[in-house]
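Heads up: the sequence shown at position 12 corresponds to 12 in UniProt numbering, and the numbers run straight through without jumps. Backbone N, C-alpha and C fix where the C-beta goes; we use that ideal spot for every residue, glycine too. Nothing here was measured: the structure is a model prediction, and the numbers come from that model. These notes concern the structure reproduced below.
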Amino acid sequence: MWGIRKGAVLHSAIAKAFEYIAWVFYSYFFIRYVVGAIQDERGFYHILQFILISGGFFIIVALYYSYIEGAYIPLAGTIIYQKLYRKLYEKAGNVELRCFEDSSFYNRYTLAVDGASDKLILVIQNFFGIFTGGIAAIVVFSTMFMIDKFVVLFIVFPIVGNFLFGYLYHKAEYERDKAMAPYKRRIDYVNRVMYLADYSKEMRLSKVFHILKNKYEEALQGIIKTADQYALKINVPTWIRNYLTFTVMFEGVLMYGAYRAIVGKSIDLAELAVLSSTMVSASWILIRFTESLMECMKQGLFVENLRTFLEYEEKLPEDYDGIMPASEISSIEFRNVSFSYKEDCKIIHNLSFYIEGNSRVALVGHNGAGKTTIIKLLFRLYDPDEGEILVNGINIKEYNLKAYRSLFAAAFQDYKIFALSIRENVLMRESSEEDDEKVVDALIKAGVYDKIKSLPKGLDTIMTKEFDEEGVLLSGGEFQKIVVARAFAKNAPIKVFDEPSSALDPIAECDLYDSIMKESIDKTMIFISHRLSSVRNADMVFMLENGTILEQGTHKELMALNGSYADMYHKQAKNYLAVEDLQEVIA
């Protein structure tokens, strides 16, 4: 916090100090002086002067406090929000992909980012509340002790009770919030699905709404059930703390003070007034002090969770400073690679293959064969459980990770379009007008430039309507061409296309693969496809099944082998032939 916003820390400390100073001053010094002045008959104007000076000073203090609480802290909170969440998002961007598939890690992440900046400010405010409240409590209790030593005993029980039951309350509240986190994530997911346009067609053309509604209600019931489970653990300590402990102090001190003044006549009017006033202040200070202490302990659990997340040591550190890879690719090799997303379910089994640099390689096979997983391993989004992956004969773990990943340009099947300009969606970075030629060339190769050119804002058109009413919603095929253009626009030695034509018609698919093949003249090209007609021009085809290579060779070699590849090719060809035969009959 100090490193993020020093001013917020200092002003929080000063504002909190003034808050307690005001209570101590008015409950002790002000009351004692005014009552004493009346008893000593110092005169009305003398007392009025003291009251006005005191009031004027605290008006200035109140204005300062109002400015800090109403303007400065909210503004500082925004800056803290920006800087803290930048750290959180940078950390989230650095942790390995596997972490986001681990529900326990993801729950910790959501707990860390849920209101992080507000909670951090509360930690600072509560810390200074403890510090200044402790000093104020010493002053007030010392005053009461000087008037009557016995009266301090009325304070001990509330302090112990408030601390103990406050601790139980905040501990139970934190455990409740932690138990509710998975349910809140499900509710957030359903809320997101309900308002995002991406899901609108399926929502209207199916009955999936009822499933989601049930999931929402199940999560809501889970929250209600959790709240019920923790109700007694939270409410009982609260009741005891708020009513039982402070009733003892408040009424006990009043009765004792009245007895000393009326029956015992051992204290005068000024001392009774001060005792009564300091008792009120003591109640308030004790409440605020223990609340700050308990809140600090509660937020301390949050801070510990936040610290644990930020200090998580990545197994795949994004800033790993290894050797810099060569810009020319001579070879890619998998040696005895095995991998599983979960310990008991292997996806890749002892896989070995070799790819020559500047060659065109196709990965084919049924769904679930491991094709996309191979690409993720090659990108080093995951590390193999066994074996090694080498590029230019060097284990990819030895490379500088960011520099290594810059070797790749990719078009993913499960692509995402961002609510940014078309130019930025193609370049996937900040852009300038100098990039326009590169973007236009990529869009031409992808076969979508004519469409973009027809838009009023051209390359500056915002994709989707999430933030811009004039944003454009393209067809599925056009969106996919934008994604393919990303791979064309990036000057990388290895280009990867994962089902680049899944949303395209046959003519557009043929044109796209022509562009891909032309692009591969001085590049290493890897593409995944279910349509075997598109891989005939590949230099090498790997037929995968259950995470192993079943067959490999050129298209002609695999057809001559008459194995699984040939069987799949013939089955797909029958569909095309059936269409051609039907067209002949119609003609």
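Asked, Found
"Residue(s) in a DSSP beta bridge with Ser-340", "Lys-346"
"Buried versus exposed, by CB contacts within 10 Å (16 or more), Gly-93", "exposed"
"Inter-residue spacing [alpha-carbon to alpha-carbon] between Asp-40 and Gly-133", "33 Å"
"Of the residues Phe-58, Val-391, Ser-292, Ile-224, the one placed nearest Glu-356, counting alpha carbons only", "Val-391"
"Environment of Leu-504 [buried if 16+ CB atoms lie within 10 Å]", "buried"
"Residue range of the unbroken beta strand (DSSP E) whose run includes Thr-387", "Correcting the residue type first, residue 387 is Gly in the shown sequence and not Thr. Run containing Gly-387: 386-391, per the beta strand (DSSP E) assignment."
"CB contact below 9 Å: Gly-129 versus chain D", "No chain D appears in the structure shown, which is made up of a single protein chain."
"Length-filtered (4 minimum) alpha helix (DSSP H) runs lying within the segment 485-529", "506-519"
"Status (buried if at least 16 other CB within 10 Å, exposed otherwise) for Arg-86", "exposed"
"Inter-residue Cα distance where the pair is residue 588 and Arg-531", "Absent from the structure is residue 588, since the part of the chain shown begins at 1 and ends at 587."
"Span of the beta strand (DSSP E), counted from its first residue to its last, around Thr-548", "548-553"
"Arg-486 versus Leu-558 - alpha carbon distance", "32 Å"
"Which residues DSSP lists as bridging Phe-18, in chain order", "According to DSSP, Phe-18 bridges with nothing at all."
"As assigned by DSSP and simplified to three states, the class of Leu-420", "coil"
"Element boundaries [beta strand (DSSP E), containing Arg-32]", "Arg-32 -> not in any beta strand (DSSP E); alpha helix (DSSP H) instead, spanning 31-39."
"Buried or exposed (CB count within 10 angstroms, at least 16 for buried), Val-448", "buried"
"Three-pair Cβ contact test at 8 Å for the segment 357-374 versus the segment 524-540", "yes"
"Counterpart residues of Glu-333 in DSSP-defined beta bridges", "Tyr-354, Leu-390"
"Candidates Met-255, Thr-290, Lys-178, of which the one nearest Asn-126 by Cα", "Thr-290"
"Whole-angstrom C-beta distance between Tyr-216 and Ile-323, which should lie under 8 Å", "Incorrect: roughly 51 Å between the Cβ atoms, too far for contact."
"Where Gly-3 falls, given that 16 or more other Cβ within 10 Å makes a residue buried", "The pLDDT assigned to Gly-3 is 45, lower than 50, so where the model puts this residue is not dependable; a value taken from the coordinates is nonetheless given after this. The residue is exposed, with fewer than 16 neighbouring Cβ atoms inside 10 Å."
"Short Cβ contact (9 Å threshold) for Glu-218 with Arg-176", "no"
"Opposing strand residues paired with Ala-411 [DSSP bridges]", "Phe-497"
"Spatially closest choice to Tyr-26 from Ile-53, Ile-14, Phe-479, by CA coordinates", "Ile-53"
"Continuous beta strand (DSSP E) stretch holding Ala-362: start and end", "360-365"
"Any 3 or more C-beta pairs closer than 8 Å across the segment 491-509 and the segment 333-346", "no"
"Straight-line Cα distance separating Glu-313 from Lys-83", "21 Å"
"Rounded separation between Val-579 and Gly-222 - CA only", "Note that Val-579 scores a pLDDT of 44, beneath 50, so its modelled location is shaky; the value from the coordinates is reported in the next line. Rounded to whole angstroms, Val-579 to Gly-222 spans 53 Å at the Cα level."
"Gly-448 (DSSP reduced to helix, strand or coil)", "The displayed chain sequence assigns Val, not Gly, to residue 448. Looking at Val-448 - three-state DSSP - the assignment turns out to be coil, as it is neither helix nor strand."
"Contact check, Ser-533 vs Gln-572, beta carbons under 9 Å", "yes"
"Local conformation of Ile-323 per DSSP, three classes", "strand"
"Pairwise C-alpha distance: Ser-520 and Thr-461", "30 Å"
"Start and end residues, beta strand (DSSP E) containing Phe-542", "540-545"
"Cβ-based burial, His-570 [other Cβ within 10 Å; buried from 16]", "exposed"
"Contacting residues, own chain, Cβ-Cβ under 6 Å from Tyr-183 (five flanking each side not counted)", "Ala-219, Gly-222, Ile-223"
"Local Cβ density within 10 Å of Gly-365, reported as buried at 16 or more and exposed below that", "buried"
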